[in-house]
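Taking it in order: structure first as structure tokens, then the write-up.
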Amino acid sequence: MNLTENSKKVLERRYLAKDENGRVVETVEELFERVAKSISEIDKKYDSNANIEELKNKFYDMMTNLDFLPNSPTLMNAGRPLGQLSACFVLPVGDSMEEIFDAVKYAAIIHKSGGGTGFSFSRLRPKGATVKSTGGVASGPVSFMKVFNSATEAVKQGGTRRGANMGILRIDHPDILEFIQCKQDNNEITNFNISVGITEDFMKAVESGEDYELVDPHTKKVVNKLNAREVFELIVEMAWKNGEPGIVFLDRINEKNPTPAIGEIESTNPCVTGDTWVMTTEGPKQVNDLIGKPFEAVINGRFYRTTNEGFFKTGHKHIVLVETIEGYSIRLTDDHKILKAVDSSLNEMKTEWVSAIELKPGDKIILNNNRNLIGWSGELDEGDGYLLGLLVGDGVLKRDTAILSVWKEGKAVGDVNNCGVDNVMQYALDCAMRLPHRRDFAGWMEIKGRNEYRLKLASLRDLALKMGMHNGFKTVTPELEKMSSDAYIGFIRGLFDCDASVQGSPEKGASIRLAQSDLDLLKAVQRMLLRLGIVSKIYVNRRKASMKLMPDGKGGLKEYKIKPQHELCISGDNIEIYAKRIGFQDLKKMHRLITLLSSYKKGSHQERFVARVLDIKESGFEDVYDVQVPGINSFDANGIIIHNCGEQPLLPYESCNLGSINLKNMLKEENGKYEVDYEKLRDTVHNAVHFLDNVIDANKYPLPQIDEMTKGTRKIGLGVMGFADMLLMLNIPYNSEEAVEFADKLMKFIDEESKKASMELAKKRGVFKYYDKSIYKNKNIKLRNATTTTIAPTGTISIIAGTSSGIEPLFAIAMTRNVMDNTQLVEVNPIFKEVALKRGFYSDELMKKIAEQGTLKGIDSIPDDVKKVFVTAHDIDPVWHIRMQAAFQKHVDNAVSKTVNFRHDATVDDVREVYELAYRLGLKGVTIYRDGSRDSQVLNLGIKKDKKEDVKEDIKGNAEENQIVPRPRPPVTKGITEKVRIGCGNLYITVNYDDKGICEVFTNLGRAGGCPSQSEATSRLISIALRSGLDAKSIVEQLKGIRCHSTLRQMANNKEIKVLSCPDAIAKVIEKVMKLKVEENENFAPIDVPINGSSDKYDDEEELYAAFTDDSHEDHFCPECGSEIEHEGGCVVCKNCGYSKCG
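For the sequence shown, counting from 1, position 327 maps to 355 in the numbering used here; every step adds exactly one.
Written as structure tokens, this is what we have:
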């Protein structure tokens, strides 16, 4: 195995298994054996005869030859109890306290298992918005980001990785200005990378200099406007100041989203409630009946098959009620799209999809037109339905029987003579005779003195009970709404024979009207009529509630409460459809209806299938669901046509399963020159895709939702590393047209081969679960994985592979590494060293000069052709960074992680140019970093340039008033670290100094707990005071003797405690270093200021160590080993120890 010493050190420190005492218990070879064995065994799941040993050796060789490496969690955890193999996860953050803290909890669980998390905060209502449930005001996204940040700080990732977060906020969120500036203090929200989600509309407004709207995500109402160009300038200037925020182009991401039915990236979750009625080929069903079941949706009389999942739950969400003037209504999330009519002529109606919250009173929304639908099967026939219609209309349901009543002389069955009633009675009797009945069943019985006739039938009671009715409760139940279309016709005819009337004239307009005091019953009948192709309108409170004198049954009068009366009206050409499909059994009503219709000279008015919006109301929180209907992407919801699902923020609960091919190893030498070995690259791609698909099954996911989503899409992210090294070996400058064209060709090959590999797996294992919701189904491309390629950060695994990171250019040709014996070792890029030796210009002195200078520019002893090829990140104009990223992005399913590195002297205009170029070239996002930009304090910037200039002038003026300003922290220091026992446990105190004196103090409290924030605050203030020139003796005098009750209480029983408090301990270590400093040779001689009860030499490395360190601000130096860090792939990476941070 061709590992460098640094690779071995990184593996030992961060990857190899350790026992409970921190001792390494496996070799490098055993690590790769463990990973290869764990991942290869998954093949048994799909093929019981699979040759696992052969596959294990193939995976082992691929990793040990450093041709391919999976992401760090896979190397760390595969084959071990934790078993969490994914690098990152996406979690939704909903707009309720429960959803927010669910996300915090889930993030903590993920960080504990070794993963990072991404969040969109765009659904949170803005700061100051009213929270109706509590009467309070919302804190806003940035406030909650700090909660997430604190939770992340508290959780260590599996002992080897600390949690990192990615946070996004849409550009049109009302709190966007606060978000853009939330990290201007580098000590705030330290566990987040932040990016602004930018839309195409915003960028167009930037180009034109126009204002754009800020929209409250909760109410969907416009609450403010900002000038787009000024906001863009603020983003640019903040990025110039300290590298954040980055930008993400949301519309570009959604264009390439392979599973739009599962989620539109960075949008909200449109859904309907479980009681919503949906029209299917098997008749009307409620959403609750269709969860997890595929079905054929009926839209305008045509059939559309859903995906295999049918309806699926999307969460517990805020609901609105959309009511129409006509009486149709629907409860859904406020972002669910409804089909709206925007323009209509005699023969054409133009429509558009709009969110429910965007609808306004008077807007016309489209209803489902089922006039071409022949019918549907289901329970009951026309006769059963007719009897139930009579029962609901003018019947009584008792415990032992059901009673139907009719009155002759038009007393109860409309304004008709007896011939109409006779026909009703005869047809009802015919229907009743088909039901089970007793031999002595006599049919209609006259109630003398009342002109009433009654029909009693126990089997009708049984039928009513089966349909969900019971004693004292007779109405249109859900069971009844699911009847067959024949039963519908019978039921409506029976109900209308009882309670409806035919009114009007050709001149004034004819109508059929059904009056009822039960509004819910009328709404159900309205839905039933619409399924038969008949549009109607409900007039609410046609007769208002009142008190009325009525016979009391005892010969007198009594005042009774009269319920409000509502009326359902059928008019226009809907009357014709009613007459043809349903009609009346009451011959008098039917005769009047036919007479009216025949009197129309030009036919009745043709009515559109539309309803007008009346109001949109709050309707609480509820479990919600959605469905995917390929081909039409819509469905009938309570008769209203609405869009199907697809929109979940950032595809919540997905995880990224990543691995990278070492491009440096994909070369072969021919005639003294290197060229790409495409055969080896093809084989490596296919093996890597197989490996990563197995990782999905081998993974132990921290949450069941993540398990479901990840296995549903089976997304993998095969990327690359060593691209810069490959270019060097091919003698191609990174900043050249040739390199950009080569990148395009290379990534195109990798992407195509990864798709072929995924197709091969699909033949053996099947397509991914959500394939029916993907763009590939209509293309008839059968893939195992929804995505196959990603360019991910490779900071640590590229160190292991001994190659350049990702698609980044070289950070340095040569660098100096500090070692413990106070010497410096110059490390040279091996490719450059080989060229230098071969060309005869290599020398140790030259390498030191390159390391000091950081570039080959201006060094005359190096040939120009070599200087042209061996360029570093800061030698390259930022435009080439963007062009290279764009070349790779063309052939990558997901995103490309890359940092555009700027020199320190880059201007705001340079950053703006890069952001604008990223937009023009179609990138999905961009991250920049200007060298040294986090060394100094960032100004509090406003939106207007003149305000920013004022702030700058104020700062400049203050600096001229002889204020004390701390000197910069030196890049190289010496010092000691002392472990001191205090009441809270072990306190580790580091005091560093340079040739100007003591310059900083660090403290770290051990596992026991205590008050680390107070000791850290003390240390920071001491450090600032020391670098401001304050005498160290004065500081010692102030700190020594301070007492802590916790420490004092334990001193009597714990002889290890020799100090009075944390400040007292810090003072004594500072005093020790003061005496150390005066030693002429600056060696660590015996010190006569004992702290832990001993004045012996400190030979024990656990008690005291001293070394030259190169630790500085996190911006430049590694917090763990002190080496210089690099910004790449949106992360910071230490090439010395493998430390990396992406937050």
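Note that beta-carbon positions come from the ideal geometry of N, C-alpha and C, so glycine has one too.
Nearest-angstrom Cβ-Cβ length linking residue i and residue j, presumed shorter than 8 Å
i, j, result
"G195", "F149", "6 Å"
"L1067", "P1091", "4 Å"
"A771", "F916", "6 Å"
"G413", "I517", "7 Å"
"I644", "I385", "7 Å"
"Y681", "I734", "5 Å"
"L415", "L360", "L415 to L360, Cβ: 36 Å. No contact."
"D959", "H902", "7 Å"
Cutoff 7 Å; reference residue i; Cβ partners in own chain excluding five residues on either side
i, result
"Q544", "D527, L550, H594"
Burial state of residue i (16 or more Cβ within 10 Å)
i, result
"T55", "exposed"
"Y88", "buried"
"I992", "exposed"
"K972", "Low local confidence applies: a pLDDT of 36 at K972 is under 50, so the model's placement there is unreliable, with the coordinate-based value given in what follows. Flag for K972 reads exposed."
"K436", "buried"
"Y1016", "exposed"
"L585", "exposed"
"S626", "exposed"
"L395", "buried"
"G823", "buried"
"Y706", "exposed"
"I475", "exposed"
"L577", "exposed"
"V251", "exposed"
"G886", "exposed"
"I1153", "buried"
Close-in-space but distant-in-sequence residues of the same chain around residue i (CB under 6 Å, 5 per side omitted)
i, result
"R399", "G561"
"G168", "P154, K155, D203"
"N720", "Residue identity differs from the one stated: residue 720 is Leu in this sequence, not Asn. N685, G687, I744."
"E272", "K211, I222"
"I358", "V350, A665, N666, I668"
"L557", "S564"
"A1036", "In this prediction, A1036 scores a pLDDT of 46, lower than 50, which makes its location untrustworthy; no coordinate-derived value is stated."
Whether residue i touches residue j by CB criterion (9 Å)
i, j, result
"P98", "L709", "no"
"G26", "A515", "In the structure as shown, the chain begins at 29 and stops at 1171. Residue 26 is therefore absent and cannot be evaluated."
"D229", "R153", "no"
"G144", "L110", "no"
"I669", "I353", "no"
"S1041", "R995", "no"
"M749", "I859", "no"
"R559", "M377", "no"
"V568", "L547", "yes"
"K1007", "D1022", "no"
"G1011", "R280", "no"
"N759", "K692", "no"
"F176", "V132", "yes"
"F649", "K345", "yes"
"A64", "N85", "yes"
"D423", "D614", "It is worth fixing the name first, because residue 423 is Gly in this sequence and not Asp. No, these two residues do not count as a Cβ contact at 9 Å."
"I67", "T92", "no"
Contact set for residue i: own chain, Cβ-Cβ below 8 Å, skip 5 residues either direction
i, result
"A820", "N99, A115, C684, L686, S688, G745, G747, G834, S925, G1157"
"Y729", "Q112, S114, S683, D735, T738"
"I208", "V224, V259, L262, I263, M266, P273"
"G311", "W404, S405, G406, K510, M511, S512, S513"
Three or more C-beta pairs below 8 Å linking the stretch 773 to 783 and the stretch 59 to 73: Touching, no, given that fewer than three Cβ pairs across the two stretches are closer than 8 Å.
For the stretch 779 to 788 against the stretch 706 to 723, do three or more pairs of beta-carbon atoms, one drawn from each stretch, fall closer than 8 Å, so that the two count as touching? Counting Cβ pairs under 8 Å, three or more are found: they touch.
Between the stretch 823 to 841 and the stretch 34 to 45, are three or more C-beta pairs nearer than 8 Å? Enough Cβ pairs lie closer than 8 Å, so yes.
Evaluate contact between the stretch 503 to 511 and the stretch 455 to 464, counting only Cβ atoms and requiring at least three cross-stretch pairs below 8 Å. Contact between the stretch 503 to 511 and the stretch 455 to 464 is absent, because fewer than three Cβ pairs lie under 8 Å.
Between the stretch 332 to 346 and the stretch 311 to 320, do at least 3 Cβ pairs fall closer than 8 Å? Contact holds: three or more Cβ-Cβ distances are below 8 Å.
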